[in-house]
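Novice: Below is one structure. I have some questions about it.
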């Protein structure tokens, strides 16, 4: 027996409602985060990640209520990302019942924020989200750069160096999304995942590009990821989390039964 | 109504512990969160959680004047330690360049990084984060209806080393085998988080609420 590789469904939340359509046949309200989280929990999800995509500032605190409601009924780890910019934001989320917060843009703008956050609430609560895009051409050595604003804004920061730096600054985990693969359903950027995962001492969650179960197991076996995150394949009922676990197990990967 | 007190010394997020207990208590227990020694003294059972660094935890416990109440409670009533609430029961921790702890259980708290290095293990991530199994090493009422090798949720970088291995109630393998659960008299303490361990965790909390401490 050993530490299981985790499967993490990710839900986009806008003004307190889950968006991008989650289709379960037997739930009444497909936009209700509590119902969806409960369902994923029943299916065996190892954690749930909420990404707050609320644009309007006066509705931003709705994510807090979402976390509060889910945390009082679903007893697995919860991560919240999106718009986390201050220590006060982090404390609000943790007090609402989140176990971890994802920090992305705020870390890029001010790396010291990660240090301060880890110092105040502990590394175990701090997930640094990295959106990386390949910038090397064919025949060149692999190189990825950090992008912000959903992959639109280059930062000039090398992804590998950044991941190592964030580890040193006290991050407890890395959520690594390939902006090249995200939404393509053609699988993770396995080279990116493996490069980062082998270079850092903290767990790495692979994200971006999952279209089938093979992609999930590849993330672990070929990408050396400690956990795999996916959204659409679970939301649209293409696969259940139980099926994903069965598949991983068939590939010889340890999962929580 | 029996009073269950979750000890709050400002070091952890108690929302999840409170919610999980409420979920399994069937409204038959009065569940309180408190940092007041009188409330702790008057409780029927104690939940002692904790998060963060050992030195900070010990400083807070002392700052809230809770050392005596905690030590007394652990002798007198069913007492559940969780995560850092398990580690600080030991004599000392290697964290923060050495931290003196409550000394209620003989032994120490050591770093995975060091232990892995000694064992020649290179590729294990730290913190030990995620779901791992517990091999129950004794029969105990708090293990009722929980299978051998059940999964629980862990997140920690240091682990408990017991001087008296007979106090281990459960063991977990992360490169090295360590005591993930200890039992001594009315104390049952675990490194993992039952409040985040789905059905197994809820079953464990249910069992704890039923346990008379013997």
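Chains as they are written, first to last, in this note's numbering: chain A, 1 to 257; chain B, 1001 to 1214. Idealized CB from N, CA, C, for every residue including glycine. Small disclaimer: the values here were computed from a predicted structure and weren't measured.
If you draw a straight line from the alpha carbon of residue 1039 (chain B) to that of residue 184 (chain A), how long is it in whole angstroms?
Specialist: Rounded to the nearest angstrom, the two C-alpha atoms are 56 Å apart.
Novice: Taking the alpha carbon of residue 55 (chain A) as the point to measure from, which residue in A:68, A:98, A:83 has its own alpha carbon closest?
Specialist: Selected option, being the one with the closest Cα: A:83.
Novice: Starting from residue 265 (chain A), trace the alpha helix (DSSP H) in both directions and tell me its first and last residue.
Specialist: The structure shown has nothing for residue 265 (chain A), since chain A only spans 1 to 257.
Novice: Could you tell me the distance, in whole angstroms, from the CA atom of residue 1137 (chain B) to the CA atom of residue 1167 (chain B)?
Specialist: Their backbone Cα atoms lie some 9 Å apart in a straight line.
Novice: Are residue 1188 (chain B) and residue 1079 (chain B) closer than 9 Å when you measure CB to CB?
Specialist: Contact: yes.
Novice: Taking 9 Å as the cut-off, decide whether the C-beta atoms of residue 174 (chain A) and residue 154 (chain A) are in contact.
Specialist: The answer is no: Cβ separation not under 9 Å.
Novice: Could you tell me whether any Cβ in chain B is nearer than 9 Å to the Cβ of residue 33 (chain A)?
Specialist: By this cut-off, residue 33 (chain A) is not an interface position.
Novice: Output, in sequence order along the chain, the residues in the region 1034 to 1055 of chain B whose CB is closer than 8 Å to any CB in chain A.
Specialist: Within the region 1034 to 1055 of chain B, the residues whose Cβ lies closer than 8 Å to some Cβ of chain A are 1051, 1052, 1053, listed in chain order.
Novice: How would you label residue 237 (chain A), buried or exposed, when you count the other beta carbons within 10 angstroms and need 16 or more for buried?
Specialist: Residue 237 (chain A) should be labelled exposed.
Novice: Output the distance between the C-alpha atoms of residue 1003 (chain B) and residue 1043 (chain B), rounded to the nearest integer angstrom.
Specialist: The straight-line gap from Cα to Cα measures roughly 5 Å.
Novice: For the region 1161 to 1177 of chain B and the region 1202 to 1210 of chain B, state whether three or more C-beta atom pairs, one from each stretch, are separated by less than 8 Å.
Specialist: Cβ pair count under 8 Å is below three, so no.
Novice: Return no unless some Cβ of chain A is closer than 9 Å to the Cβ of residue 990 (chain B).
Specialist: There is no way to answer for residue 990 (chain B), as the model of chain B reaches only from 1001 to 1214.
Novice: I'd like to check one pair, residue 1071 (chain B) with residue 1104 (chain B): are the Cβ atoms closer than 9 Å?
Specialist: Cβ atoms of residue 1104 (chain B) and residue 1071 (chain B): closer than 9 Å.
Novice: Give the list of continuous beta strand (DSSP E) stretches no shorter than 3 residues that lie fully inside the region 1062 to 1127 of chain B.
Specialist: DSSP runs (the beta strand (DSSP E)) wholly in the region 1062 to 1127 of chain B: 1079 to 1082, 1107 to 1111.
Novice: Looking at the secondary structure, which residues open and close the beta strand (DSSP E) in which residue 170 (chain A) lies?
Specialist: Counting along the chain, residue 170 (chain A) falls outside any beta strand (DSSP E), and DSSP gives it neither H nor E.
Novice: Tell me which residues share the same chain as residue 1155 (chain B) and place their Cβ nearer than 6 Å to its Cβ, disregarding the 5 neighbours each side in the sequence.
Specialist: Answer for residue 1155 (chain B): 1127, 1129, listed in chain order.
Novice: So, is the C-beta of residue 218 (chain A) closer than 9 Å to a C-beta in chain B?
Specialist: No - not a single Cβ of chain B is within 9 Å of the one on residue 218 (chain A).
Novice: Ordered along the chain, which non-local residues of its own chain (more than five positions away) have a Cβ less than 7 Å from that of residue 1144 (chain B)?
Specialist: Excluding positions up to five away in sequence, the list reads 1207.
Novice: Between residue 1075 (chain B) and residue 1089 (chain B), which are expected to be in contact by the criterion C-beta below 8 Å, what is the C-beta distance as a whole number of angstroms?
Specialist: With a Cβ gap of about 12 Å, residue 1075 (chain B) and residue 1089 (chain B) do not count as contacting.
Novice: If the cut is a Cβ gap below 7 Å, which residues of chain A does residue 1198 (chain B) touch?
Specialist: Chain A residues near residue 1198 (chain B): 41, 75, 76.
Novice: Take every Cβ of the region 1052 to 1061 of chain B, pair it with every Cβ of the region 1167 to 1181 of chain B, and state whether three or more of those distances are shorter than 8 Å.
Specialist: Contact between the region 1052 to 1061 of chain B and the region 1167 to 1181 of chain B is absent, because fewer than three Cβ pairs lie under 8 Å.
Novice: Using only alpha-carbon positions, find the residue among A:33, A:249, A:137, A:114 that is nearest to residue 127 (chain A).
Specialist: For residue 127 (chain A), the nearest C-alpha among the options comes from A:114.
Novice: Ignore the nearest five residues each way along the sequence and tell me which others in residue 1113 (chain B)'s own chain have a CB closer than 8 Å to its CB.
Specialist: For residue 1113 (chain B), where only same-chain residues beyond five positions count, the Cβ hits under 8 Å are 1126, 1157.
Novice: Using a threshold of 9 Å, state whether the C-beta atoms of residue 1116 (chain B) and residue 1153 (chain B) are closer than that.
Specialist: No. Outside cutoff.
Novice: Name the DSSP bridge partner or partners of residue 1156 (chain B)?
Specialist: Residue 1156 (chain B) pairs with B:1128.
Novice: Who does residue 1182 (chain B) pair with in a DSSP beta bridge?
Specialist: Paired residues: B:1168, B:1189.
Novice: Just to confirm, is the Cβ distance from residue 77 (chain A) to residue 1196 (chain B) under 9 Å?
Specialist: In contact: residue 77 (chain A) and residue 1196 (chain B) (Cβ atoms closer than 9 Å).
Novice: For a quick check, are the C-beta atoms of residue 69 (chain A) and residue 111 (chain A) less than 9 Å apart?
Specialist: Their beta carbons are not under 9 Å apart, which means residue 69 (chain A) does not touch residue 111 (chain A) by this criterion.
Novice: Taking Cβ positions, are residue 130 (chain A) and residue 166 (chain A) nearer each other than 9 Å?
Specialist: The answer is yes: Cβ separation under 9 Å.
Novice: Compute the beta-carbon to beta-carbon distance between residue 1067 (chain B) and residue 1034 (chain B), rounded to the nearest angstrom, for a pair I have assumed lies under 8 Å.
Specialist: Not quite, the Cβ-Cβ distance comes to about 16 Å (not below 8 Å), so this is no contact.
Novice: Check whether the Cβ atoms of residue 199 (chain A) and residue 160 (chain A) sit closer than 9 Å, and answer yes or no.
Specialist: Yes, the Cβ-Cβ distance between residue 199 (chain A) and residue 160 (chain A) is below 9 Å.
Novice: Do you know offhand how far residue 1159 (chain B)'s Cα is from residue 37 (chain A)'s?
Specialist: The alpha-carbon atoms of residue 1159 (chain B) and residue 37 (chain A) are separated by roughly 31 Å.
Novice: Would residue 5 (chain A) pass as an interface residue toward chain B - the criterion being a Cβ-Cβ separation below 9 Å?
Specialist: Closer than 9 Å to some Cβ of chain B, the Cβ of residue 5 (chain A) qualifies, so yes.
Novice: Got a sec, what are the start and stop residues for the beta strand (DSSP E) residue 186 (chain A) sits in?
Specialist: That residue, residue 186 (chain A), is in no beta strand (DSSP E); it is neither H nor E in DSSP.
Novice: If residue 74 (chain A) and residue 41 (chain A) are in contact, beta carbons under 8 Å, what's the gap, nearest whole angstrom?
Specialist: Right, the Cβ-Cβ distance comes to about 5 Å (below 8 Å), so this counts as a contact.
Novice: By how many angstroms is the C-alpha of residue 140 (chain A) removed from the C-alpha of residue 71 (chain A)?
Specialist: Cα-Cα distance, rounded: 46 Å.
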